[in-house]
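Structure first, then comments.
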Amino acid sequence: MAFKWHKKRPQRSSAPLTPWEQEQQRRKQRLESEQKKTVLRPTYDKNLPKLKKKRTQRLKKHEKVLLTVFTTIAMVTLYFILPISRVTSVKINSTYDESKDEILSATGLNYYESLFVVWPKTEAIKEQVKQKVPSVQAVHVLYKGSHVTVNVRQYPMVGYLKKDGNYYRVTANGAVAVQKLSGITGKYPVFNNFKSTQVLKTVAQKYTSLPPEIKQGISEIHAIPSRVDPEKIKLYMNDGNQVIAKATTFDRKMKYYSNIAANMDRPGVVDIEVGAYSYPYHKK
526 MAFKWHKKRP
536 QRSSAPLTPW
546 EQEQQRRKQR
556 LESEQKKTVL
566 RPTYDKNLPK
576 LKKKRTQRLK
586 KHEKVLLTVF
596 TTIAMVTLYF
606 ILPISRVTSV
616 KINSTYDESK
626 DEILSATGLN
636 YYESLFVVWP
646 KTEAIKEQVK
656 QKVPSVQAVH
666 VLYKGSHVTV
676 NVRQYPMVGY
686 LKKDGNYYRV
696 TANGAVAVQK
706 LSGITGKYPV
716 FNNFKSTQVL
726 KTVAQKYTSL
736 PPEIKQGISE
746 IHAIPSRVDP
756 EKIKLYMNDG
766 NQVIAKATTF
776 DRKMKYYSNI
786 AANMDRPGVV
796 DIEVGAYSYP
806 YHKK
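Here the sequence shown stands for residues 526 to 809, where the numbers follow the working numbering.
So this is what it looks like as structure tokens:
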């Protein structure tokens, strides 16, 4: 019986690695590391362009927002600096030319005043004009660039108030203009001796409701108050007659004037203060 002997392999000793073995070990580690990178690179390389594109889009969006903000700030600042943001002219369009200065003063507008201050108080300006100028019926304020236009509609004129030798315009609501008139025409009656503002207002309002032919026939209206009737008035007619009436009722009773005057033989007095009758001037 034959026996086969095998040579026993020597066991690796725990001696330190030689330089060559160390280099081989490092080489092996590098290869393993590169293999791992090779596995990860395709996914990373595939997403990288998308990430760059999104980042670029975000940056452009932020740039647009910042540019818009800075442009807006610059435009607003420039607008504040330029004259277009200031009141450079105020035009008054009114029913009566002589009241333009009074209306302009009532608006409170000042040259080169900021429009950002004027715009919010437009309604206040309208009310202010109505309060300070009683003859004003309606106000409209228009803006065109730095130019302001105030369109004013005033109550119709009913006559002239004679005061201290001067004449002032009286409108249908009983308002008396501040400006003196250089002259008058015979188209409207003259109001004389009116010490009471309320009585003048009443007479002016009642006068507006008279028929046109009656209005044209009145040349003067005088206040002649008495202890019995503080609202007593006297109307001087163009036909030579005089009418005694009461301020609160003369508009209603003047409808009888034409018939009464037609039955008079000569000029005289028509008394409609209480009743309605007439008598010649030589009789009391």
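All C-beta atoms in this analysis are idealised placements derived from N, C-alpha and C, irrespective of residue type, glycine included.
6 Å Cβ shell around residue i - same chain, five flanking residues per side excluded
{"i": "E623", "result": "Q704"}
{"i": "Y806", "result": "G793"}
{"i": "N698", "result": "Y680"}
{"i": "A700", "result": "P659, S660"}
{"i": "V715", "result": "Y685, K687, E745"}
Three-state secondary structure (DSSP) of residue i
{"i": "F716", "result": "strand"}
{"i": "L667", "result": "strand"}
{"i": "S558", "result": "helix"}
{"i": "P792", "result": "coil"}
{"i": "V590", "result": "helix"}
{"i": "V654", "result": "helix"}
{"i": "T543", "result": "coil"}
{"i": "V724", "result": "helix"}
{"i": "P608", "result": "helix"}
{"i": "K532", "result": "With a pLDDT of 49 at K532, under the threshold of 50, the modelled position of this residue cannot be trusted; read the value that follows with caution. Three-state DSSP puts K532 in coil, outside helix and strand."}
Assumed close pair residue i, residue j - CB separation to whole angstroms, cut-off 8 Å
{"i": "Y732", "j": "K740", "result": "7 Å"}
{"i": "T727", "j": "A772", "result": "5 Å"}
{"i": "I609", "j": "G670", "result": "6 Å"}
{"i": "I749", "j": "V768", "result": "No, I749 and V768 are not in contact; Cβ-Cβ is about 12 Å, not under 8 Å."}
{"i": "V664", "j": "L640", "result": "The pair is not a contact, with the Cβ atoms about 18 Å apart (cut-off 8 Å)."}
Contacts around residue i, its chain only, beta-carbon distance under 8 Å, and the 5 residues preceding and following it disregarded
{"i": "N618", "result": "T674, V675, N676, V677"}
{"i": "D776", "result": "K731, Y732, S734, L735"}
Interface flag, residue i vs chain D, CB-CB below 7 Å
{"i": "T733", "result": "The structure shown contains no chain D; it holds only a single protein chain."}
Sequence-distant residues of its chain with Cβ nearer than 7 Å to residue i (five each side left out)
{"i": "Y713", "result": "M682, V683, G684, Y685"}
{"i": "W530", "result": "Only weak support is given to the placement of W530: the predicted model assigns it a pLDDT of 49, under 50, and the value that follows is read from those uncertain coordinates. Taken in chain order, the list of residues that qualify is empty."}
{"i": "T647", "result": "V666"}
{"i": "I785", "result": "V795, A801, S803"}
*asked:* Quick test of the definition: if touching needs 3 or more C-beta pairs under 8 Å, does the stretch 676-695 touch the stretch 630-639?
replied: no
_Ranges of the beta strand (DSSP E) found wholly within the stretch 612-643, counting only runs of at least 3_ = 614-618
*Can you find at least 3 beta carbon pairs, one from the stretch 650-660 and one from the stretch 587-595, that sit closer than 8 Å?*
no
*Where in the stretch 678-722 do unbroken runs of the alpha helix (DSSP H), each at least 4 residues long, occur, reported from the N-terminal end onward?*
none
*Just list the beta strand (DSSP E) runs in the stretch 732-788, keeping only unbroken ones of 3 residues or longer that don't cross its boundaries, in chain order.*
743-748, 757-762, 767-771
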